[in-house]
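Structure first, then comments.
Protein chains: 2
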Amino acid sequence: MKAQEKYREMSIAEFFAKNKELAGFSNPTRAIYQTVRELVENSLDATDSHNVLPEVKISIKEVEAATDDKPAKYEVAVEDNGIGVPPNEIANAFGKVLYSSKYVIRQTRGMYGLGVKAAILYSQMTTGQPVFIVSSTDSSDNIYYKKLLIDIKKNEPVIIEEGQLLKRSNWHGTKVYLTLEGDWIRAKQKIIEYIKRTALIAPYAEIVFETPENEIYYFPRVTKKMPKPPSEAKPHPHGIDIEQLKAMVSFTKTKTMLEFMVEEFQSIGEITARKFLESIGIDPNMNPKMLIEKGNSKLLQVVATGLRTYKNFRPPRSDYLSPIGEELIEVGLKRLFNAEWVKAITRQARAYEGHPFIVEAGIAYGGNIIPTEEPVLLRYANKIPLLYEEREDVSYKVVSSINWKLYNIEEPMPLVVLVHVASTKVPYKGVGKESLSEVQELESEIKNAVQEIARSLRLYISKKNSERTLREKIVTISKYIPEIARSLSILSIPPDKWGTDGKNNNEKIIEKLVKIVSKSIELPKIDGKEEDPEKIVRSVIANVKLEQ
Amino acid sequence: MKAQEKYREMSIAEFFAKNKELAGFSNPTRAIYQTVRELVENSLDATDSHNVLPEVKISIKEVEAATDDKPAKYEVAVEDNGIGVPPNEIANAFGKVLYSSKYVIRQTRGMYGLGVKAAILYSQMTTGQPVFIVSSTDSSDNIYYKKLLIDIKKNEPVIIEEGQLLKRSNWHGTKVYLTLEGDWIRAKQKIIEYIKRTALIAPYAEIVFETPENEIYYFPRVTKKMPKPPSEAKPHPHGIDIEQLKAMVSFTKTKTMLEFMVEEFQSIGEITARKFLESIGIDPNMNPKMLIEKGNSKLLQVVATGLRTYKNFRPPRSDYLSPIGEELIEVGLKRLFNAEWVKAITRQARAYEGHPFIVEAGIAYGGNIIPTEEPVLLRYANKIPLLYEEREDVSYKVVSSINWKLYNIEEPMPLVVLVHVASTKVPYKGVGKESLSEVQELESEIKNAVQEIARSLRLYISKKNSERTLREKIVTISKYIPEIARSLSILSIPPDKWGTDGKNNNEKIIEKLVKIVSKSIELPKIDGKEEDPEKIVRSVIANVKLEQ
C-alpha cells in the first residue's frame, strides 16, 4: 500500500512569504530596492493620478549594522502629499494581500495590489517589526496612524497600535515606515538610478531622497505641467472571457441584453449593440441573467465568443490612458544627458486582447552620453522605470535588433533610447514588474516608434556630416587666402610702392577674398541655427597668420 | 476635494484568472503547452515520487475547429498509475487555488500547488467547461469521479456531477480531462520536445502521447531502475525567518527549547542544541511558547537570527533529495543523440538559504548532434524539462560564458550540455517555472559540474586528435612498405632467382616489415578500446597494391 499525501490550504500571504522571490524580494539587495520602488509607486499613484503635483520624500536609515553573519537592518520611510487612505481602509490596504483600490480598469503603476504587502511581509519575516502608517485624506479633520502586522496564516491585519490626531494644517497624504534587512551598499546605485529615472519621466514631481549616510538627493520640480490623469474605464468586449462575462451578468442591474451591452461595456451605442446581438442570434430584450441560468452554458459561450470576436466594435478607448507626452520626455532626456540632439514621439493608441496601450519613445544623442557598443536603453511602463531583467524585455529585443549603421550611427554610439508603454494592463512577465512580454502588437508599435525617431536622427547626422565636410573645405580654402593675397598684392602694385602701400594693399585683398569665399559658401542649418561662414573664414585666417 | 479610491478584496483564483500570463498562460500556444506540462508533472509526482514505475498517457483531441476569429478548442487528457487522490480531497485539490499536498519540504515537480488550477481556470475562462477528474487510491475499493468548476470569486470548487464505481481491477491513479482554447499547430513542436526531454530524464517511465492527428508518440520504458524517491524533511535552521519560527512555536508540542530544537529541526542533536542555546543565551528549559508571548518580540528575534546564522549546525541533509544519477543521464543522452561520447556527473549536495540542492550535468558530443555555434542546452529542475526563457536561466549564463576552445572544441560544435538542479526549493524566477534565478551557490555548482565534464571531453578529444596524427603516420609509413619490400627483395636474392622465388621472397619481406612497423606503433586507447595496428598497416598495403 502506498502512503497517501496530506493536503492543506495556504493563504495568499503565506504563499508570497514562502515565495518572496516571485514578487522581487530574492535577496537583501533586491529587497531594499523593491521596497523603495513599491512605496514610491504607491505615492505617485496617490498624487499625479489624482491631479496632485507630487511631493515625495524618501528616507533610508540604518537601524542595526551588518555583521559577518547577517545583513544590516534599515528603516525605509516614504511620504507623499496624495489623496490619503480612508481610515477604515488603512488596515486592510496594508495588512491584507490582494486587497486594493487597483482592481479596476485604469492605468496605474501598481497593478496587483501586492507590492507594498510583499514589502511588509518581507519586513516582518526579517525583523519582526510592524509597519507604521500615517494617513489623512483631503476632506478629513484628522490624521490617522496605525501600527500593524500581517497574520500570515489568515491573511489579515493585526493592529498593534492605532490612534488619531486633530489636523492643524491642510496636509493630506500618506507616510509609511518599514524596517527590513537589506543590503544598502549593493542596492545604492540601483536605488539612486531608479529615483533619477523616475524624476526624468515625472519632471513635475518634487522628490527628496535621504540616504543612510545623510546624503540628500534633491530633484526639484522643473515644470508644473502634468499629464492628464488616467481615468477608469468600462471593459472592452474584446477583452472579455467567459468568467468575466458571468461576473458582469451577475452584478448588472440592467434588465435586457440591449441595456446590458450599452451600459456595461466601453463605447457601445444602441445601434452597434443591436447589430451585434442580431449577429449572434440573441434577442435584445432577453434578460441578461438568463445567461447564467442552469442549462444555458451554451448560450453563455455564444455571447462570450461573440464579444471577443465581433469585428465592428470600436477599438478600446485610449483617452483613459495617460501618456507622458513628447515634450516632457524631451525635457527629461535633455536635462539628464545634456544631449546634443533629442526627439520623442507619442504613438497613436493600439490594443491587444481588448486592452488599450500607447507606446512612447525618445532618443538622445551626443552630449554627455558615454559612447558604448549598444544604445543605453531606458525602459518605462505606466511611468515606472524598469531596471532589472533588461534582456528579457520586449523593448530590448526590438532595440538590440536594430542595425544602427543604417541610421548613420557608428559604434561606439553616444545613444540613449527611451521606451514607455502606458496601458490599463501592462503585460509584465512577473509579479515583480521588471520586464514586458513579447506581445506582438506591442513589439511592432515599439519598433515603429523607435525607427521613426531614428530616421530623424539619421537626417540630423547626415546634415551634420555634410556640414563637417563643408567646414573642412572652408578651412582648406581659407588657409590659402593670406598666401594668395600676398601674391596678388605683389602683382597688382608697382615694385617701388612695395615698401609703403604693400601692407595696406595686402589687407584690402584679403578683405575682398574673405567676402568672395564667404558668399560662395552656404552652410546647412542645424536645428534652425545658421552659422556665419565669414566668421569661420576669418578665424582660420587669424590662425594662419599666427602660425607665420 | 479629491475623489477617493474604492477598495476591494480579490480571491487568489480571481488574481490568477486576471493575470494568467504570470502562471505561463499568456496565449493559446503557451496555454496548451503549459496545460500538458502541469498535468504530466502532477502525474510523475504521483508515481516516481512514491516508488511507482510511471505509466503516463497523454491525449489531445480537437473538439472545435479554429475559425478566422478564434482559436480551436482541445480536450487534453492525462492519465497516470499513481497513488491517486483521496476522494474527500479531489474537489479542493482541483477546485481551490493554493490547496495542495505540496506545501511540505520535499523535492517535487510542482511547488506552488497552482499549476493544474491555473490550467483549470484557463479552461473555464476560454470554454466554460468543467474539469473532469477520475481517481482511485491503491487501498480504495472504488473509483471516484467528479466534474467541477472553480467559483472564481470565492476560490471554491463547485461540483457539477460526481459519483463512484466499484473497482474491478487493481487500477490506481488519476485521470484528468480539460477542455480549453489552444493553438496546437504552434505548440506541437514544443509539446513533443517537452515529452521527449521528459522521457530522456525518466527512462524508467512509459509515456504514450496521442496527438489530435492521431499520431502516436510512444516512449517505452528502457530501464526499471528508478532513482530513490525524495522524502519529506524537517526545516533546516538556516532557512528559518521570524514568521516561520512563530508558526513552528505555535504548533509545537514540545515543552522546552531543547526539545523544540531537537524535535522540530533537521539533524540537530542534543549537544548541538545545548551549545546553540547557550551561544544565544537562552535557557534550554524555557518553554518555546514564551517566544510568542506579548512583549517578547526581542527574544523571538534573537532566536530567529541565531538559527539563521549559527555556524555549527550540520549542513542541510541531501539524502532527502532524489537526483537522476549519472547512469540514467548517460543512458538518456546516448539514446537521444546516438552520441560519440557522453559523460554525466552528479555533484555533492550544497545548500543556499537552508535549502539543499544537487547539481547534475551531462555532456554529449558528436554522433547525431548537429553542430551549431553554441552548445545545445537541456535544462531540468526537479526532473522537469524547462523549454522557455532559456536566456534568463542561470545555466545559460554559465554555459554561454564558457570558452569551449579551451576544451579543444571548435565551432560549430556538435555539443549538448544537460543541467539538472534537484532541490527542496528550486529558485524559479516565476510561477510558470521556466527559468532559475542567479543564486550564487547554484551558479558556481553548475559551473564546476560542467567544467569537470568538459575537462574529460578535452582529454577525449586530444586523444582522438593524437590518434588521428598517429594513424596518418602509420598510413604514410605503410604506403612505402611494398616499395621497400621490392627493393630489399631485389637486393637479397641472386638475379637468377628473380623470376621464380622473387614473388615469394617479396611477400616474406612485406610480412616482416608489417610486423616491425606494427610493433613499433602504440595506438592510444579510446574509451578502453584498443585497435590492432597490424590491421591498419595491412589495409593500407592492400590499398596501395590495388592502386598499382
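Chains as they are written, first to last, in our numbering: chain S, 1386 to 1933; chain G, 1386 to 1933. Glycine included, every Cβ here is placed at the ideal spot set by N, Cα and C.
### Message
I'd like the ranges of any beta strand (DSSP E) spanning at least 3 consecutive residues and lying wholly in the region 1759-1814 of chain G.
### Response
The region 1759-1814 of chain G contains these whole beta strand (DSSP E) runs: 1761-1766, 1769-1771 and 1800-1808.
### Message
With distance defined between alpha-carbon atoms, name the residue in S:L1827, S:N1890 and S:I1625 nearest to R1732 of chain S.
### Response
With distances taken between Cα atoms, R1732 of chain S lies closest to S:L1827.
### Within-8 Å CB hit, I1627 of chain S to chain G
With 8 Å as the cut-off, I1627 of chain S counts as an interface residue toward chain G.
### Query
Given that P1471 of chain S touches chain G, what residues does it touch there, using C-beta distances under 9 Å?
Those within 9 Å of P1471 of chain S in chain G are Q1389, E1390 and Y1392.
#### Entry: Inter-residue CB distance, I1518 of chain S and Y1530 of chain S (contact presumed, cutoff 8 Å)
Rounded to whole angstroms, the Cβ separation of I1518 of chain S and Y1530 of chain S is 7 Å, and the two are in contact under 8 Å.
### Query
Is L1706 of chain G helix, strand or coil when you go by DSSP?
Correct three-state label for L1706 of chain G: coil.
### Query
For K1538 of chain S, which residues of its own chain have a beta-carbon under 7 Å away from its beta-carbon, when the five flanking residues on both sides are left out?
Hits under 7 Å: S1396 and E1399.
### Query
Buried or exposed: where does F1650 of chain S fall if 16 or more other Cβ atoms within 10 Å of its Cβ makes it buried?
Around the beta-carbon of F1650 of chain S, 16 or more other beta-carbon atoms lie within 10 Å, marking it buried.
### Query
What residue range is occupied by the uninterrupted beta strand (DSSP E) comprising F1517 of chain G?
Its beta strand (DSSP E) spans residues V1516 to S1521.
### Query
With a Cβ-Cβ cutoff of 8 Å, do P1588 of chain S and T1608 of chain S count as a contact?
For P1588 of chain S and T1608 of chain S, yes; Cβs fall inside 8 Å.
### Query
What residues in its chain sit with their C-beta under 6 Å from that of M1692 of chain G, if we drop five residues either side in the sequence?
The question names Met, but residue 1692 of chain G in the sequence shown is Leu. Here the set comprises P1622 and I1625.
### Task
Tell me, please, which residues DSSP counts as bridged to K1660 of chain S.
Note: K1660 of chain S sits in no beta bridge, so no partner.
### Message
Is I1537 of chain G close to chain S? Criterion is C-beta to C-beta, closer than 8 Å.
### Response
Yes - at least one Cβ of chain S is within 8 Å of the one on I1537 of chain G.
### Query
When you compare each of S:P1700, S:L1762, S:E1759 and S:P1615 to T1657 of chain S by their alpha carbons, which one comes out closest?
Nearest of S:P1700, S:L1762, S:E1759 and S:P1615 to T1657 of chain S, Cα basis: S:P1700.
### Message
Does T1861 of chain G come out as helix, strand or coil in the three-state DSSP assignment?
### Response
Three-state result, T1861 of chain G: helix.
#### Entry: Contact set between the region 1490-1501 of chain G and chain S, restricted to residues whose Cβ is under 9 Å from the partner
Residues passing the 9 Å Cβ filter: M1496, Y1497, G1498 and L1499.
### Query
Relative to the C-alpha of K1719 of chain S, which residue among S:K1782, S:I1754 and S:Y1602 is closest?
Distance from the Cα of K1719 of chain S is smallest, within the candidate group S:K1782, S:I1754 and S:Y1602, for S:I1754.
### Task
For the beta strand (DSSP E) holding L1550 of chain G, just list the boundary residues, first then last.
Residues E1541 to L1551.
### Query
Of all the CB atoms in chain G, is at least one closer than 8 Å to the CB of F1400 of chain S?
Yes - at least one Cβ of chain G is within 8 Å of the one on F1400 of chain S.
### Query
Residues of chain S with CB under 7 Å from L1407 of chain G, in chain order?
Around L1407 of chain G, the beta-carbon contacts reaching into chain S at under 7 Å are G1815 and V1816.
### Query
Of the choices S:S1524, S:E1868, S:K1848 and S:S1847, whose alpha-carbon is the least far from that of S1554 of chain S?
Closest by alpha carbon: S:S1524.
### Query
Using a beta-carbon distance cut-off of less than 8 Å, what residues from the region 1673-1691 of chain S approach chain G?
When CB distances to chain G are screened at a threshold of 8 Å, the residues of the region 1673-1691 of chain S falling below it are S1682, L1685, Q1686, A1689 and T1690, in chain order.
### Query
Under 8 Å, do E1541 of chain G and L1772 of chain G count as touching if we go by C-beta distance?
A distance of 8 Å or more separates the beta carbons of E1541 of chain G and L1772 of chain G.
#### Entry: Residue of S:K1502, S:G1751, S:E1547 and S:H1557 minimising C-alpha distance to D1536 of chain S
The shortest C-alpha separation from D1536 of chain S is found at S:K1502.
### Query
Using the rule of at least 16 other Cβ atoms within 10 Å of the residue's Cβ for burial, across every protein chain shown, is K1405 of chain S buried or exposed?
By the neighbour-count rule (16 or more Cβ atoms within 10 Å), K1405 of chain S is buried.
### the region 1764-1784 of chain S contacting the region 1840-1859 of chain S, beta-carbon criterion three pairs below 8 Å
No, because fewer than three Cβ pairs between the region 1764-1784 of chain S and the region 1840-1859 of chain S fall closer than 8 Å, the two stretches do not touch.
### Task
Would you check if the distance between the CB atom of E1591 of chain S and the CB atom of P1612 of chain S is smaller than 8 Å?
Taking 8 Å as the Cβ cut-off, E1591 of chain S and P1612 of chain S do not qualify as a contacting pair.
### Message
Comparing C-alpha positions only, which one of S:L1800, S:P1756, S:K1638 and S:P1812 sits nearest to Y1497 of chain S?
### Response
Comparing Cα-Cα distances from Y1497 of chain S to each of S:L1800, S:P1756, S:K1638 and S:P1812, the minimum goes to S:P1812.
### Contact set between Y1418 of chain G and chain S, taken where Cβ atoms lie within less than 7 Å
Those within 7 Å of Y1418 of chain G in chain S number zero; the least Cβ separation is about 15 Å.
### Query
Can you name the residues of chain G whose CB is closer than 9 Å to the CB of A1632 of chain S?
Those within 9 Å of A1632 of chain S in chain G are E1399, I1537 and K1538.
### Message
I'd like to know if the region 1782-1795 of chain S and the region 1676-1688 of chain S are in contact, where contact means that at least 3 CB-CB pairs between them fall below 8 Å.
### Response
A contact between stretches requires three or more CB pairs, one per stretch, nearer than 8 Å, and the region 1782-1795 of chain S fails this requirement with the region 1676-1688 of chain S.
### Query
Are the region 1802-1816 of chain S and the region 1740-1750 of chain S touching, with three or more C-beta to C-beta distances below 8 Å?
Because the criterion of three Cβ pairs below 8 Å is met, the region 1802-1816 of chain S and the region 1740-1750 of chain S touch.
### Task
Just the C-alpha distance for E1595 of chain S and K1403 of chain S, rounded to the nearest angstrom, thanks.
Here the C-alpha atom of E1595 of chain S lies approximately 31 Å from the C-alpha atom of K1403 of chain S.
### Rounded separation between L1721 of chain G and E1464 of chain G - CA only
C-alpha separation (whole angstroms): 25 Å.
### Query
Who does H1557 of chain S pair with in a DSSP beta bridge?
H1557 of chain S is not bridged to any residue.
### Query
When the Cβ atoms of the region 1447-1462 of chain S are set against those of the region 1554-1567 of chain S, are three or more pairs found closer than 8 Å?
Contact between the region 1447-1462 of chain S and the region 1554-1567 of chain S is present: three or more C-beta pairs spanning the two stretches fall below 8 Å.
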